[in-house]
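Participant: Pasting in a structure now, in structure tokens, and then I'll have a few things to ask.
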Amino acid sequence: MAACSIDLILDAEVSGTTPTHIGSARIISGSNTLISFSAMFGPTSEHTSSIQVKKFTGATSMLAFEVTGTGIQNFSGSGNSISGGSWTNDWYDFYASGSAVTVSTVIKGIRVVLE
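Going left to right, the sequence shown walks through residues 132 to 246 as my numbering numbers them.
Structure below.
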């Protein structure tokens with residue numbers, strides 16, 4: 132399978148520290164060996180916002196990424212091995228949260244790239 136990407140276009144806002152489901156994507160790895168994520172998201176105040184990726188089957192936490200500061204930021208993560216991270220053809224859920232109860236996290240979109 133050639134390199135491809137999956138875009139989740141969101142316009143979500145999540146409040147507090149409890150991870151809140153913001154979307155799902157079916158990821159078919161094919162012959163690709165790397166998976167990477169980028170996102171436009173961030174806290175509305177000087178705190179940290181996180182996005183967690185969980186495999187639907189078994190609710191296994193696969194990875195998390197975060198940004199610190201104020202406002203929406205462009206996060207771009209490095210590639211992860213598909214086989215080493217047990218990325219298989221499955222649905223994956225995305226959750227967002229903040230570092231404090233008073234933090235709101237704004238999420239504009241997430242991109243999944245398979246190479």
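Where is the CB? At the ideal position from N, CA and C, for every residue including glycine.
Answer with buried or exposed for T236, where buried requires no fewer than 16 other C-beta atoms within 10 angstroms of its C-beta.
Facilitator: T236 comes out buried.
Participant: If you draw a straight line from the C-alpha of T179 to the C-alpha of S160, how long is it?
Facilitator: Approximately 31 Å, taken between the alpha carbons.
Participant: With contact counted as at least three CB pairs below 8 Å, one residue from each stretch, are the stretch 197 to 214 and the stretch 134 to 148 in contact?
Facilitator: Touching, no.
Participant: Checking contacts by CB at 7 Å: is S162 closer than that to chain B?
Facilitator: Included in the structure is just one protein chain, with no chain B present.
Participant: Just mark S228 as buried or exposed, buried being the case when its beta carbon has 16 or more other beta carbons within 10 Å.
Facilitator: Under this definition S228 is a buried residue.
Participant: At what residues does the beta strand (DSSP E) containing P174 begin and finish?
Facilitator: From DSSP, the beta strand (DSSP E) with P174 extends over L165 to P174.
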